[in-house]
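First the structure, in the form of structure tokens, and then the observations on it.
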Amino acid sequence: MGFEYAPALESRSVVDLKSSYGLFIDGEFVDASGPSFKSVSPATEEVLAEIGQADVADVDRAVQAARRAYTRTWSVMSGAERAKYLYRIARIIQERSRELAVLEALDNGKPIREARDVDVPLVAAYFFYYAGWADKLEYAGFGATPRPLGVAAQIIPWNFPLLMLAWKIAPALAAGNTVVLKPAETTSLTALLFAEICQQADLPPGVVNIVTGAGSTGQALVAHPDIDKLAFTGSTEVGKAIARSVAASNTPVTLELGGKAANIVFDDAPIDQAVEGIVNGIFFNQGHVCCAGSRLLVQESVYDDVLARLKRRMATLRMGDPLDKNTDVGAINSSEQLARIHELTAVGESEGAERWSPPCDLPERGFWFAPTIFTGVSQAHRIAREEIFGPVLSVLTFRTPAEAVEKANNTPFGLSAGVWTDKGSRILWMANQLRAGVVWANTFNRFDPTSPFGGYKESGYGREGGRHGLEAYLAH
Ligand code: NAD
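Just remember that our numbering sits 622 ahead of the position in the sequence shown, which is counted from 1.
In structure tokens, the structure reads:
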């Protein structure tokens, strides 16, 4: 069953793309020393802009600017004054929300519907939320006189470029720290637009510095001797390398890493609602979600029904131009990520799982992968153990709640989980048993600034969001 819709394209004209971008250091845009690299639209492979690559000397300049701003301005300013800047930034984000959403969809490949309705509103909400804490830190539960740590080095991934920036910068600034942030190399553009917003808000120079570049720029930031706090969101592999490299220092570290969440459907669940939750759990943001519900656990008695309805629903997903307001599933962020998804799905087939995708035409240019499910998956299969970070769902079954818990926890990760059932008592029991930082009940992929987020085991340590998120940026 399919409906044909006329395209409903969001206009690009609201975005003022420059042909090249420098680094944002000490309140100004400056040229990078390293060679520039291209940021492409994943949907069309069109070059959007040239981005500067920060080298060790550039990173040092950014850290020095952050140190000066910390010592002279930001740490001596009252919390109420800091809050005014954060509120101002939050309001400008709202005012420029359309521009931010269009640029995020262009640069990342995510559907405009998601950038507009999820990412950008949440970004503003995190700034509003932490602005509210800036003058109340002594009531946050971390002692009577909590102090900022100093200069925070922050490294973020490409899946939610602006939202991850907000999760990092808003609590750090509210607590009185200054920051040097490195966006991911494929998605620097909205971080650079955020830098313009800092200028527009008259944020004192050096409080926020943005250094663009790839892994080597990140390494230079991690290795800088004048960093007081390190916050990293990204892959478990790089997170482990960072933890090793700072192990000999006393620098506090927050690591938000990968996941392989179980989305568990019991036979008393409202099935249509659960199917929406399964789709949202794994196809939202093309499955480029650390807490994606990538392992579906279905109770055996409703397996056939759930699978039939899931396939029917998947056949209605619209894939294509991220700027089309009808689009449900956008482009894969990079050719490297697409190659990784192809590799792991090929392994899934060779290990004996059965693959299914709805009929769908993939655009000729750009990086695309059809929504895919694997059935007949065993717990030992690589597609059940490794993070694919794409629109690929592994389906497993269980008979009893105890078996569901055992299978859900049988993973090196522990970031999130979902439970679909009619029984409140079962939800509470499951939430206690599941070794995951977030457990959603009869919903999935819901985020709120007041709620802490973070993992167990190889999903990392530390929490972001909520009152807990302040602790990572306070000495007490
Ligand atoms: P990645 O680890 O390759 O890169 C993340 C960032 O680290 C990028 O900015 C990258 O340039 C930088 N980097 C790469 N090598 C580095 C090094 N040696 N030293 C310092 N910095 C380095 O991850 P990715 O592919 O960009 O992002 C996907 C991963 O992020 C997934 O595993 C996903 O689960 C995870 N993620 C986790 C959360 C969370 O909150 N737990 C949120 C979003 C994404």
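Glycine included, every Cβ here is placed at the ideal spot set by N, Cα and C.
Report task. Give the single residue among 703, 693, 808 and 755 whose Cα lies nearest to the Cα of residue 957. Result -> 808
Requested in this report: Give a yes or no on whether the C-beta atoms belonging to residue 786 and residue 855 are separated by under 8 Å.
Outcome: yes
Query - Between the CA atoms of residue 932 and residue 623 - distance to the nearest angstrom - result: Confidence is the limiting factor: at residue 623 the pLDDT is only 47, short of 50, which leaves the residue's position unreliable and the question unanswerable from this model.
**Report entry** Reduced DSSP category for residue 995 - H, G, I as helix; E, B as strand; rest coil
**Finding:** strand
Query raised in the report: Which residues does DSSP pair with residue 946 in a beta bridge?
Result: 631
**Report entry** Heavy atom of the ligand NAD within 7 Å of residue 878 beta-carbon
**Finding:** yes
Query raised in the report: Is any heavy atom in the ligand NAD found nearer than 7 Å to the beta carbon of residue 776?
Result: no
Query raised in the report: Should residue 858 be counted as a contact of the ligand NAD given a C-beta to heavy atom distance under 7 Å?
Result: yes
Report task. Could you check what DSSP says for residue 1100 in three-state terms: helix, strand or coil? Result -> In this structure the chain extends from 623 to 1098, so residue 1100 is not present and cannot be described.
Requested in this report: Using beta-carbon positions only, say whether residue 762 and residue 1089 come within less than 8 Å of one another.
Outcome: yes
Report task. Can you give me the Cβ contacts of residue 1083 inside the same chain, cut-off strictly under 6 Å, excluding the 5 residues immediately before and after it? Result -> 877
Query raised in the report: Any idea what DSSP makes of residue 743, helix, strand or coil?
Result: helix
Requested in this report: Would you identify the three-state DSSP class for residue 686, choosing helix, strand or coil?
Outcome: helix
Requested in this report: Kindly examine the ligand NAD and report whether one of its heavy atoms sits closer than 7 Å to the Cβ of residue 1058.
Outcome: no
Requested in this report: Work out the CA separation of residue 1066 and residue 901 for me, nearest whole Å.
Outcome: 9 Å
**Report entry** For residue 1087 and residue 1035, believed in contact at Cβ under 8 Å, the rounded distance
**Finding:** That belief does not hold up - the Cβ atoms of residue 1035 and residue 1087 are roughly 19 Å apart, past 8 Å.
Query raised in the report: Under 7 Å from any heavy atom of the ligand NAD, does the C-beta of residue 851 make it?
Result: no
Query raised in the report: Where do the ends of the alpha helix (DSSP H) carrying residue 726 lie?
Result: 719-730
Report task. Within its chain, find whatever has a CB closer than 7 Å to the CB of residue 673; leave out the 5 residues flanking it on each side and keep chain order. Result -> 643, 658, 659, 661, 810 and 834
Requested in this report: Confirm, please, whether the CB-CB distance from residue 928 to residue 969 is below 8 Å.
Outcome: no
Query raised in the report: Quick one: does the C-beta of residue 1081 sit closer than 7 Å to a heavy atom of the ligand NAD?
Result: yes
Report task. Could you say which of 869, 921 and 910 lies nearest to residue 891 if we only look at CA atoms? Result -> 921
Query raised in the report: Is residue 681 buried or exposed, if buried means 16 or more other CB atoms sit within 10 Å of its CB?
Result: buried
Query raised in the report: Hey, would you say residue 591 sits closer than 8 Å to residue 733, going by beta carbons?
Result: Residue 591 falls outside the range modelled here, since the chain spans only 623 to 1098, and no answer is possible.
Requested in this report: Between the Cα of residue 1023 and those of 1006, 1001, 1047 and 946, spot the shortest distance and give me the residue it belongs to.
Outcome: 1047
Requested in this report: Give a single yes or no on whether residue 807 has its beta carbon closer than 7 Å to a heavy atom of the ligand NAD.
Outcome: yes
**Report entry** Contacting residues, own chain, Cβ-Cβ under 6 Å from residue 1097 (five flanking each side not counted)
**Finding:** 769 and 771
Report task. Confirm the yes/no value for this check: CB of residue 657, any heavy atom of the ligand NAD, distance under 7 Å. Result -> no
Query raised in the report: Name the DSSP bridge partner or partners of residue 851?
Result: 774
Requested in this report: Determine, using beta-carbon pairs with one atom in the region 938-948 and one in the region 725-745, whether at least three such pairs fall under 8 Å.
Outcome: yes
Requested in this report: Measure the beta-carbon distance from residue 1030 to residue 1050 and round it to whole angstroms, keeping in mind my assumption that it falls under 8 Å.
Outcome: Contact doesn't hold; Cβ gap of about 16 Å is too wide.
Query raised in the report: Within 7 Å: the Cβ of residue 1037 and any heavy atom of the ligand NAD?
Result: yes
Query raised in the report: Since residue 675 contacts residue 836 with CB under 8 Å, what's their CB separation in whole angstroms?
Result: 7 Å
Report task. With DSSP collapsed to three states, give me the class of residue 671. Result -> strand
Requested in this report: Have a look at residue 947 and residue 871 and give me their C-alpha separation to the nearest angstrom.
Outcome: 48 Å
Requested in this report: Please report the Cβ distance between residue 723 and residue 738, rounded to the nearest whole angstrom; I am assuming they are in contact, meaning their Cβ atoms lie under 8 Å.
Outcome: 4 Å
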